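Enquirer: Okay, here's the structure, questions in a sec.
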Amino acid sequence: MAIVILNAVLGIIQEQRAEEELAALKKLAAPEADVLRDGMRETVPARMLVPGDIVLLEAGNYIPSDLRLLETFNLKVEEAALTGESVPVQKDATVTLAADASLGDRKNAAFMGTLVSYGRGKGAVSNIGMKTEIGRIAEMLSQVEEEVTPLQRRLDQLGKTLGWAALAICGLVFVLGWVRGNDPLEMFLVAVSLAIAAVPEGLPAVVTISLALGMREMIQRNALIRRLSSVETLGSATVIGSDKTGTLTQNEMTVTQISVDGRDIHLTGSGYRPEGKFLVDGKPVNIADYPAATTTLWIGAMNNDAQLVHKKETDEYRMIGDPTEGSIVVAAAKAGQDFQYLEKTYPRVQEIPFDSVRKRMTTIHKVIDPLAEDFSPFHDGDDLSDWHVVAVKGAPDVVLDLCTRYEQYNDEPADITDEVRERVLRANDRMASEALRVISVAYKMVKTLPEELTPETIENDLTFVGLLGMIDPPRQEVSESLEHAKNAGIRTVMITGDYAKTARAIAESIGLLQPGHEVLTGKDLDQMDDPALEEKIREVDVFARVSPEHKVRIVRALRANHEIVAMTGDGVNDAPALKQADIGVAMGITGTDAVSYTHLTLPTKRIV
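Be aware that the sequence shown starts at -3, since it is given in our numbering, and climbs by one per residue.
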């Protein structure tokens, strides 16, 4: 009785603690929505929305339901949790898409649970509840059947083996005793007693206590285990299926390269902490000795709406605004940019916002301090009081067409030539081939602004400065973790909704993509049946641009090859695969509610 009671108490206490922690995490989400009803703006709980409601969107809002966008004003939505995109998606209410457009390509729609990172917009509620994209994923979760763990399968097999062995031995004892002339009833009782003795009554208690101790050990390592049996399953894993964005990478865009006049400068450091070095040919340099590169950072920081916030109490840095713009702010801070001084010296007076047609943004800054030596391109010894700096940031090919001059490596502007244009475009192609997102900057100085500020009147006769290449970098500890897994005989597979080129670059940089192995996309999977996928999956290390349905197929194919699969992720799009796997591991303090329905939660950014 003591063993039975101890067994029950240990199991209940450990799993109840996990359920309480998960319930607390779910309470963090209490979304509301700003809507137009009867011509009036009001705030209502998201659960009160109905199809046809007009929802108003602003930066920082969570999308309360699936929307068909009606108006967009430089609207960008962070959809990493749903689609795996590493950067916010530019939305455009005016575009018309094919009916079979993938989730990540639907620029004229917004989806429940995603975050508005920039701009504003307006949309009509198209779906609510279980009919939303998140609801559809939740429905997929409900359709995944609970399966026994490897330990349960082995214990079941052990039980059957012991049972048949006990029956055989007991039968043999009964027969031999009868043959020797013993009373049949007496031998029957002996055989039954032997059969009872052969049952390992203490085994469940021993297993439960061992797993409970393992669960306690995992909790001390910041891992929350939902079920006792998951401890053993985690240790039995032979394949790790890992999401990319937020799991292998930091989900924090970082400028890693600056290209000026055909020359490259690399930046170290990652995330939003403004610490890092500038390297030329692998050697640290003083960025002040490279004025063209400094100008590139300064223009990018001026033409920018992101803010870097430093919490001194915890020494943490947080980005407010678009992550792409934020990465430029951080890079400029690494070069010694003082943003308060910048705002006082060159305050913004007008702007032409970014839009998806022009593919650029223009800001105009009045020169308050003409002797600001640290902004060398705007100070040539003349009195520049009341002059204006026109700062332009956008797609390289578009911005380049607006330029008549370019900033040379030695910071002396010269007339732009076809050779220079070709050199810039080659640098852009090279950086893009490395899966970098590339932004270009240009500027000009004007004494008098045009009476009517339009792209045609102000975005001309510019001086091209340089290119900024940025990427969502891998976590620093990932390569070491992958090596540990490999040494333990565990294979790692990347499964992401991001683009194939980006996924390949990250996989190669962290040593995940093995020589001779392939990268497959969601379209490739659609052309394969399950048997073909089960055969092909042995030579594939990266799956890119995949949907939640694709992730479930991949997990099933791995398990069909008798692999024990541990699936990791931190987004809603990962939830069905997390549940389908032998063990689902929810990663990160930024994980969404849906992943809490998995077996194991890691409320930390550190990969265990």
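Just so you know, even glycine gets a beta-carbon here, dropped at the ideal spot from N, CA and C. None of these values were measured; they are calculated from a predicted model.
1) Curious, which full-length alpha helix (DSSP H) runs of at least 4 residues does the stretch 407 to 489 contain?
2) According to DSSP, is I(-1) helix, strand or coil?
3) Can you give, in chain order, each stretch of the beta strand (DSSP E) that sits fully within the stretch 100 to 127 and has at least 3 residues?
4) Would DSSP call H375 helix, strand or coil?
5) What's the call for L478, buried or exposed, on a 16-neighbour Cβ count within 10 Å?
6) Would you say the stretch 246 to 255 touches the stretch 571 to 583, given that touching needs at least three Cβ pairs under 8 angstroms?
7) So the candidates are Y313, D522, L445; which of them puts its Cα closest to the Cα of V363?
8) Could you have a look at P392 and say whether DSSP puts it in helix, strand or coil?
9) Taking Cβ to Cβ, would you say V416 is nearer than 9 angstroms to M427?
10) For R500, does the three-state DSSP call read helix, strand or coil?
11) Using 8 angstroms as the threshold, is the stretch 116 to 125 in touch with the stretch 172 to 179, meaning 3 or more CB pairs across them?
12) At what residues does the alpha helix (DSSP H) containing E530 begin and finish?
13) For the stretch 224 to 300, which segments carrying the beta strand (DSSP E) assignment without a break, of at least 3 residues, lie completely within its bounds, in sequence order?
14) Can we say the stretch 231 to 244 touches the stretch 480 to 496, given the rule of at least three CB pairs closer than 8 angstroms?
15) For T291, which of G317, A194, A329 has the nearest alpha-carbon?
16) At which residue ranges does the stretch 306 to 377 contain complete alpha helix (DSSP H) runs of 4 or more residues, listed in the order of the chain?
17) Along the chain, where does the alpha helix (DSSP H) containing A573 start, and where does it finish?
18) Within 10 angstroms of the Cβ of N299, are there 16 or more other Cβ atoms? Answer buried if so, exposed if not.
19) Nearest CA to the CA of W383: which residue from T92, K440, A331, V353?
20) Are A191 and L6 touching if we call contact CB-CB under 9 angstroms?
21) Is the beta carbon of Y342 less than 9 angstroms from the beta carbon of G267?
22) Return helix, strand or coil for R401, following the three-state DSSP convention.
23) By a C-beta neighbour count over all protein chains shown, 10 Å radius and 16 as the cutoff for buried, is M357 buried or exposed?
24) Secondary structure at Q216, three-state DSSP: helix, strand or coil?
25) Compute the beta-carbon to beta-carbon distance between G109 and L78, rounded to the nearest angstrom, for a pair I have assumed lies under 8 angstroms.
26) Return the CA-CA distance between T310 and A297, expressed in angstroms with no decimal places.
27) Report the three-state DSSP secondary structure of L6 (helix, strand or coil).
28) Between the Cα of V461 and the Cα atoms of F274, L396, E339, which residue gives the shortest distance?
29) Which residues in the same chain as S505 place their Cβ atom closer than 7 angstroms to its Cβ, once the five residues preceding and following it in sequence are excluded?
30) Quick check: the Cα distance between F184 and A194, rounded to an integer number of angstroms?
31) First and last residue of the beta strand (DSSP E) that includes K72?
32) If you compare alpha carbons, which of M44, G48, K72 is closest to N57?
33) Apply the 10 Å Cβ neighbour rule to G100 and answer buried if 16 or more other Cβ atoms are within range, or exposed otherwise.
34) Output the distance between the C-alpha atoms of D88 and A95, rounded to the nearest integer angstrom.
35) What's the C-alpha gap between D520 and E54?
36) Since S255 contacts L458 with CB under 8 angstroms, what's their CB separation in whole angstroms?
Expert: In short, the structure shows the following:
1) Counting only unbroken stretches of 4 or more residues, the alpha helix (DSSP H) elements lying wholly within the stretch 407 to 489 are 414 to 429, 451 to 454, 474 to 483, in sequence order.
2) Helix.
3) Complete beta strand (DSSP E) runs here, min 3: 111 to 123.
4) Summary for H375: the model assigns pLDDT 49, below 50, so the residue's position carries little reliability; its value from the coordinates is reported in the next sentence. Here H375 sits in coil by DSSP.
5) Classification of L478: buried, given that the 10 Å Cβ count is 16 or more.
6) Judged by Cβ distances under 8 angstroms, the stretch 246 to 255 makes no contact with the stretch 571 to 583, as fewer than three pairs qualify.
7) Checking every option, the nearest Cα to that of V363 belongs to L445.
8) In the displayed model, P392 falls within a helix according to three-state DSSP.
9) Result no, Cβ atoms of V416 and M427 do not sit closer than 9 angstroms.
10) R500: helix per DSSP, three-state reduction.
11) Taking 8 angstroms as the limit for Cβ pairs, the verdict is that the stretch 172 to 179 does not touch the stretch 116 to 125.
12) Unbroken alpha helix (DSSP H) run through E530: 526 to 532.
13) Runs of the beta strand (DSSP E) spanning 3 or more residues and lying entirely within the stretch 224 to 300 occur at 235 to 238, 250 to 256, 259 to 263, 274 to 276, 279 to 281, in chain order.
14) Yes, the stretch 231 to 244 is in contact with the stretch 480 to 496.
15) Of the candidates G317, A194, A329, the one whose C-alpha sits nearest the C-alpha of T291 is A329.
16) The stretch 306 to 377 contains these whole alpha helix (DSSP H) runs: 319 to 330, 335 to 341.
17) Counting along the chain, the unbroken alpha helix (DSSP H) around A573 starts and ends at 571 to 576.
18) Using a 10 angstroms sphere on the CB of N299, the tally of other CB atoms reaches 16 or more, which defines it as buried.
19) By alpha-carbon distance to W383, the top candidate from T92, K440, A331, V353 is K440.
20) In this structure, L6 does not lie closer than 9 angstroms to A191 by Cβ.
21) For Y342 and G267, no; Cβs fall outside 9 angstroms.
22) The answer is strand: DSSP assigns R401 an E or B state.
23) Counting other Cβ atoms within 10 Å of its Cβ, M357 reaches 16 or more and is therefore classed as buried.
24) If DSSP states are grouped into helix, strand and coil, Q216 belongs with the helices.
25) Between the beta-carbon of G109 and that of L78 there is about 6 angstroms, and that keeps the pair under the 8 angstroms contact cut.
26) Between T310 and A297, the C-alpha separation is close to 25 angstroms.
27) DSSP places L6 in the helix class (H, G or I) of the three-state scheme.
28) Closest in alpha carbon position to V461, among F274, L396, E339, is L396.
29) P470.
30) Between F184 and A194, the C-alpha separation is close to 15 angstroms.
31) K72 -> beta strand (DSSP E) spans 62 to 74.
32) Looking from the CA of N57, the closest CA among M44, G48, K72 belongs to K72.
33) So G100 counts as buried.
34) If you take the alpha carbons of D88 and A95, they lie about 16 angstroms apart.
35) One Cα belongs to D520, the other to E54, and the distance between them is close to 37 angstroms.
36) Contact between S255 and L458 does not hold, since the beta-carbon distance rounds to 17 angstroms and is not under 8 angstroms.
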